[in-house]
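Sequences listed follow chains S and C, in order. Going by this note's numbering, the first sequence runs without a break in its numbering and finishes at 370. Going by this note's numbering, the second sequence runs without a break in its numbering and finishes at 116. From the three backbone atoms N, C-alpha and C, an ideal C-beta is built for every residue, glycine too. See structure below.
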Amino acid sequence: GQSLEQPSEVTAVEGAIVQINCTYQTSGFYGLSWYQQHDGGAPTFLSYNALDGLEETGRFSSFLSRSDSYGYLLLQELQMKDSASYFCAAQGAGTALIFGKGTTLSVSS
Amino acid sequence: NAGVTQTPKFRILKIGQSMTLQCTQDMNHNYMYWYRQDPGMGLKLIYYSVGAGITDKGEVPNGYNVSRSTTEDFPLRLELAAPSQTSVYFCASSLTQGAPGDEQYFGPGTRLTVT
């Protein structure tokens, strides 16, 4: 079967750095995506890692280790507007994306 | 570009009623998807399509049907609605599947309550 595990909640303060981990079990793994969803909104794409290593996009970075079946999303210089749910999603061979249950990030001042 | 549009935004159904959730994309994407999201949960794939005339089941297809007669439209049909189908339904599309940078674009969602 296919599954992804990520923490259900993370809290942090403005300006801090937070890391959201994701472990996956997917046959024929292609890559790992991250999506952000604000309360009541639609998910929006943040990043995609197909190869091992770190991908940086502004304040957000995403990391993948294929040998460890592990990835993380790193959010720097946290802002209140970063309070949202973050989903990792695995792409397997011949399948559509499988999403994790999401991590709710709460940023306080 | 409107992206992915969904109608209706909200709907209340009685048990046993049927309805169709509409989804349209104007990005000429081959791949389209239907997800449901229950409160506090992730997205579960209902059905997906890799192109006009081709559809396949996802994780939770029971109680739903889809069709894909055009590239743009991917309606989701609920027959004999049940309370367990109360959820938020998202339609999404992507240009490719599994390619580097592959991104799914989501519609705003349909909030469905079955009572």
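Discussion item. Comparing C-alpha positions only, which one of Thr364/S, Ser370/S and Val368/S sits nearest to Ser269/S?
Written reply: In the first sequence, the residue the question calls residue 269/S occupies position 8. Comparing Cα-Cα distances from Ser269/S to each of Thr364/S, Ser370/S and Val368/S, the minimum goes to Thr364/S.
Worksheet entry | Distance CB(Gly43/C)-CB(Phe348/S) smaller than 7 Å | Residue mapping note: residue 43/C aligns to position 42 of the second sequence, counting from 1. Residue mapping note: residue 348/S aligns to position 87 of the first sequence, counting from 1. Contact flag set, yes.
Worksheet item: Does any C-beta atom of chain C lie closer than 7 Å to the C-beta of Phe306/S?
Response: What you label residue 306/S is simply residue 45 of the first sequence in a count that begins at 1. Taking Cβ atoms only, chain C reaches closer than 7 Å to Phe306/S, which makes this a yes.
Practice prompt. State buried or exposed for Leu315/S, treating a residue as buried only when at least 16 other CB atoms are found within 10 Å of its CB.
Written response: Residue numbering aside, residue 315/S sits at position 54 when the first sequence is read from its first letter. The Cβ neighbour count for Leu315/S, taken over all protein chains shown within 10 Å, is under 16; the residue is labelled exposed.
Practice prompt. Please state whether DSSP places Gln18/C in a helix, a strand or coil.
Written response: Start at 1 with the first residue of the second sequence, and residue 18/C comes out as number 17. In this structure, Gln18/C counts as coil in the three-state DSSP scheme.
Discussion item. Please state the DSSP three-state secondary structure of Lys210/S.
Written reply: Given that chain S is displayed from residue 262 to residue 370, the structure contains no residue 210/S and the question cannot be resolved.
Practice prompt. Scan the segment 337-361 of chain S for residues whose Cβ lies nearer than 7 Å to a Cβ of chain C and list them as they occur along the chain.
Written response: Taking 7 Å as the cut-off between beta carbons, the residues of the segment 337-361 of chain S near chain C are Phe348, Gln352, Ala357, Leu358, Phe360 and Gly361, in sequence order.
Worksheet item: Mind checking whether Arg69/C and Ala83/C have CB atoms under 7 Å apart?
Response: Numbered from its first residue, the second sequence carries residue 69/C at position 68. Numbered from its first residue, the second sequence carries residue 83/C at position 82. No, Cβ-Cβ distance for Arg69/C and Ala83/C is not below 7 Å.
Discussion item. Rounding to the nearest angstrom, what Cα-Cα distance links Val115/C and Thr87/C in this structure?
Written reply: Here residue 115/C corresponds to residue number 114 of the second sequence, with the count starting at 1. Here residue 87/C corresponds to residue number 86 of the second sequence, with the count starting at 1. In a straight line, the C-alpha of Val115/C is about 5 Å away from that of Thr87/C.
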